[in-house]
Amino acid sequence: MLSRLVRSFWQRLPRGRPPGDLTWASRHQTIVLLLAAHVVGLPIYGLIRHIPAAQCMYSVAPLVLLTAIAASDGLPRRLRAVTATLGTVVSSAVVVSFSGGYIEAHFHFFVMLFVIMLYQDWLTFLLAIGFVGVEHAIVGVLTPANVYGAHSHQAAEPVKFALIHAAYVGAAAIAAVGNWRLTDRAQAATQELADQLEFEVDHDPLTGALNRREFETRIDEVLTRVEETGATVVCVLDLDRFKIVNDTCGHPAGDRLLVEVRDVLKGVLDPDDTLARLGGDEFGLLVERPTVEEAVALAEAACAALAAHRYKADGRTFAASASIGVLPLFGQVRYVEEVMQLADAALYAAKEAGRGRVHVHQQGDVELNRRQSDSIWAGALLDALHEDRLELVYQPIVPTVRPEAQTGRIGEILVRLREADGSLISPGLFFPAAERYDLLPALDRQVVAKAISMLAAHYKPGEPTNDDLYTINLAGPSIGDEEFRTFVHAQLDQHKLSPSLVCFEITETVAITNLGVARRFITELRSTGCRFALDDFGSGLSSFAYLKNLPVDFLKIDGNFVKTITHDSIDRTMVAAVNQIGHEMGLRTVAEFVEDDETLAILREIGVDYGQGYGLGRPGPLTSWLADRRPPSGSPSRATGTSAAESSAAGTSAAVA
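Okay, so the sequence shown: first residue is 2 according to this note's numbering, each after it adds one.
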């Protein structure tokens with residue numbers, strides 16, 4: 002019980018931690034200046050009190066010496082604080098003595114006691130308290146007039162009143178300690194906040210590992226001395242299927258998993274290795290070993306340790322497997338950005354190889370070169386989007402059966418990237434980069450906006466559309482984005498374009514992956530007058546089962562079946578089956594990849610409604626297509642089937658040529 006009380010008492014006392022160097026120096030300088038003021042002011046006060054000059058100088062001499070020592074920068078800090086403390090209490094004793102022992106003069110001790118508190122040091126504080134007690138006891142007994150003045154009853158009992166004075170000083174000391182404790186707490190809280198902020202500058206607040214900024218700083222340091230080390234590798238690690246944990250158990254569970262991953266990795270790494278959280282579920286390792294093989298072995302050990310770890314949340318058990326990309330530093334890279342890019346490319350190569358494995362970058366690595374190419378094209382696409390350098394081209398979709406009955410033109414609007422020199426880049430080069438770097442929604446928006454604007458300039462409000470139709474491809478992310486649907490509505494309203502001119506193409510894979518989302522998207526826009534085509538039909542599983550749930554207008558048969566129907570009976574049967582099912586459901590069918598007259602003849606025999614391919618017409622600028630085929634103002638002649646027939650004939654001629 003007693004020990005607990007004593008322990009509680011000590012815990013409530015200030016820690017006695019001196020302030021930082023700059024703060025201490027500032028406070029000490031203030032105390033020294035206060036002492037210097039007393040060195041000058043006390044002799045003057047003594048002379049005013051009619052004390053002989055010699056006695057004044059004698060009394061102030063110790064204070065002069067103490068002030069000089071306290072002001073000396075060459076002495077230890079603790080010694081200077083002690084001498085300054087003695088100087089303050091000595092000055093108080095001189096004030097009381099010169100005053101003739103006035104009670105009011107004793108307040109000087111209390112003031113100096115709080116001045117000494119500025120040091121936040123138990124040594125100086127107790128020294129001041131001890132001096133007051135000893136000085137009152139000794140001087141009060143030997144020369145009571147110097148302490149108690151004209152108060153004869155106090156002078157007659159010096160010990161008693163020395164104890165009374167000590168009690169007052171003790172009470173003041175308790176108040177000072179209380180104030181000190183409050184100051185101590187405030188400073189501790191401030192220091193804790195400062196330490197936390199300093200920690201967060203280069204550490205991840207969730208896991209406590211280094212953050213990306215500090216990780217890249219350390220890589221930069223290694224790059225300056227890479228030839229002096231044995232073997233240094235940079236590893237980028239990404240958890241496989243981390244999103245499943247977040248989606249099924251919530252983000253707090255995901256956060257706990259990240260902390261456990263940090264612990265697993267720390268168990269594999271040496272103390273000198275660097276571990277960082279780069280963001281999300283991605284970690285970075287910087288490892289130096291005598292050989293590359295040893296460094297790679299550590300990455301494989303980390304991969305195996307994570308694969309063996311089991312994480313439990315909400316009664317479920319998850320594997321914490323990860324893919325790791327490894328980049329050895331052999332002086333082949335000079336910049337941190339390049340290091341991170343190559344390591345990231347190696348990581349994605351590991352993921353695409355099946356996840357839960359390590360991929361080591363080698364010079365000439367084809368997969369990594371492709372990844373680098375993706376990042377370059379992503380940058381080029383971003384520039385093109387910002388600078389409005391997308392070029393729209395048009396490829397006709399030609400009737401294969403009874404072209405004379407066609408009342409309007411149908412074609413697909415395709416996109417190209419226009420380089421600064423005017424050359425056009427095929428989407429086959431930049432589309433994988435757009436998909437990888439989540440640029441497809443932005444690409445879709447700009448294509449749709451540009452296409453609607455160009456069509457609106459050709460088809461004025463109130464003019465007949467003559468059943469013309471322009472198809473536009475949409476990517477999966479746009480289908481599930483409600484803001485994109487709103488965007489399409491806004492573009493149509495803004496340009497006052499008839500929705501019947503627009504047909505959106507959605508690939509079968511996208512549609513069946515998110516069937517409910519795709520159905521809602523199609524239904525809403527179709528209600529405005531837009532039409533829809535299901536692209537690449539036949540490439541997915543159970544295609545026919547899903548087809549009846551999608552309210553589309555056109556069925557585009559996967560070109561991989563069409564291009565071989567001249568010599569592959571199975572593909573020919575597949576095309577015929579798709580065409581028959583489409584017709585049974587009231588849909589018009591379109592065959593892609595029609596490259597020659599022989600293919601076209603078979604499609605006519607099967608009864609496919611339309612064909613599209615280089616054999617029927619190559620893509621050309623949409624602006625040229627619209628300008629060349631614009632009818633005279635007010636002319637209704639486009640309502641006839643002439644242009645469609647001519648278009649079909651032109652396409653067939655192109656195939657023959």
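All C-beta atoms in this analysis are idealised placements derived from N, C-alpha and C, irrespective of residue type, glycine included.
Alpha-carbon spacing of residue i relative to residue j, whole angstroms
| i | j | result |
| --- | --- | --- |
| Thr120 | Pro20 | It should be pointed out that residue 120 corresponds to Tyr in this sequence rather than to Thr. So the two alpha carbons sit approximately 7 Å from each other. |
| Arg417 | Ala452 | 13 Å |
| Arg278 | Asp271 | 17 Å |
| Leu440 | Val518 | 20 Å |
| Ser649 | Leu604 | Per-residue confidence for Ser649 stands at a pLDDT of 36, beneath the threshold of 50, marking its modelled position as unreliable; the derived number appears in the next sentence. Straight-line Cα distance between these residues: approximately 14 Å. |
| Arg257 | Leu456 | 53 Å |
| Leu43 | Ala190 | 41 Å |
| Thr643 | Arg410 | Confidence at Thr643 is low in this model, with a pLDDT of 35, below 50, so its placement is unreliable and no value can be given for it. |
| Leu307 | Val262 | 7 Å |
| Leu674 | Phe200 | This structure does not reach residue 674, given that the chain is present from 2 up to 658, and the question cannot be answered. |
| Glu599 | Gly380 | 42 Å |
| Pro622 | Asp468 | 21 Å |
| Pro637 | Leu502 | Only weak support is given to the placement of Pro637: the predicted model assigns it a pLDDT of 41, under 50, and the value that follows is read from those uncertain coordinates. Straight-line Cα distance between these residues: approximately 17 Å. |
| Glu338 | Asp572 | 48 Å |
| Gly539 | Ser324 | 33 Å |
| Val33 | Ser60 | 18 Å |
| Met118 | Gly209 | 37 Å |
| Phe126 | Ala82 | 10 Å |
| Leu128 | Thr86 | 8 Å |
| Val394 | Arg219 | 48 Å |
| Phe110 | Val90 | 7 Å |
| Pro478 | Pro442 | 6 Å |
| Gly618 | Pro397 | 6 Å |
| Pro433 | Asp375 | 7 Å |
Same chain, Cβ closer than 6 Å to residue i, five either side skipped, listed in chain order
| i | result |
| --- | --- |
| Glu506 | Thr472, Asn474, Ala534, Asp536 |
| Asp315 | Cys250 |
| Thr731 | Outside the shown range of the chain, which is 2 to 658, sits residue 731, and nothing can be said about it. |
| Val237 | Gly285, Gly326, Ala344, Asp345, Leu348 |
| Gly47 | Cys57, Phe99 |
| His360 | Gly326, Ala347, Ala350, Ala351 |
| Leu240 | Asp282, Ala323 |
| Ala300 | Cys236, Ile325, Val327, Val359 |
| Leu444 | Ala435 |
| Cys504 | Leu470, Thr472, Arg532, Ala534 |
| Ser92 | His39, Leu64 |
Residue environment, residue i, which counts as buried when at least 16 other CB atoms sit within 10 Å
| i | result |
| --- | --- |
| His252 | exposed |
| Thr524 | exposed |
| Lys549 | exposed |
| Arg50 | exposed |
| Ser427 | exposed |
| Ser625 | exposed |
| Met586 | exposed |
| Ala296 | buried |
| Pro559 | Reading off the sequence, residue 559 comes out as Asp, not Pro. Under this definition Asp559 is a buried residue. |
| Ser543 | In this predicted model, Ser543 has a pLDDT of only 48, less than 50, meaning its place in the structure is not dependable enough to derive any value. |
| Val334 | buried |
| Thr641 | Note that Thr641 has pLDDT 34, beneath the 50 cutoff, so the model's placement of it is unreliable and no number is given. |
| Val609 | buried |
| Ala54 | exposed |
Chain-order list of residues whose beta-carbon lies under 8 Å from that of residue i (same chain, five-residue window excluded)
| i | result |
| --- | --- |
| Tyr336 | Leu224 |
| Thr466 | Gly409, Tyr460, Ser499, Ser501, Leu502 |
| Glu436 | Ala476 |
| Leu516 | Tyr547, Asn550, Leu551 |
Cβ of residue i within 9 Å of any chain B Cβ
| i | result |
| --- | --- |
| Pro622 | Here chain B cannot be found, since the structure has a single protein chain. |
Residues near residue i by beta carbon distance below 7 Å, same chain, minus five either side
| i | result |
| --- | --- |
| Ala302 | Val269 |
| Gly255 | Phe243, Val246, Asn247 |
| Ser454 | His496 |
| Met575 | Gly539, Phe562 |
| Asn212 | Asp203, His204, Asp205, Ala277, Arg278 |
| Arg486 | Phe522, Glu525, Leu526 |
**Request:** Flag this pair as touching only if the stretch 66–75 and the stretch 98–108 have three or more C-beta atom pairs under 8 Å; answer yes or no.
**Result:** The answer is no - the stretch 98–108 does not touch the stretch 66–75, with fewer than three Cβ pairs under 8 Å.
**Prompt:** Is there contact here, the stretch 350–362 with the stretch 264–284, by at least three beta-carbon pairs under 8 Å?
**Reply:** no
**Request:** Please determine if the stretch 381–395 and the stretch 557–567 are in contact, where contact requires at least 3 C-beta pairs separated by less than 8 Å.
**Result:** no
**Contiguous alpha helix (DSSP H) assignments of at least 4 residues, all confined to the stretch 59–107** = Entirely contained in the stretch 59–107, the alpha helix (DSSP H) runs reaching 4 residues are, in chain order, 78–100.
**Asked** Considering only residues of the stretch 422–464, which uninterrupted alpha helix (DSSP H) runs meet the minimum length of 4 residues and lie entirely inside it, listed in chain order?
**Response** Whole alpha helix (DSSP H) segments, 4+ residues: 428–437, 441–459.
**Prompt:** Can you give, in chain order, each stretch of the beta strand (DSSP E) that sits fully within the stretch 266–332 and has at least 3 residues?
**Reply:** 275–280, 283–290, 311–314, 317–320, 323–330
**Prompt:** Which ranges does the beta strand (DSSP E) cover as unbroken runs of at least 3 residues, wholly within the stretch 533–614, from first to last along the chain?
**Reply:** 555–558, 589–592
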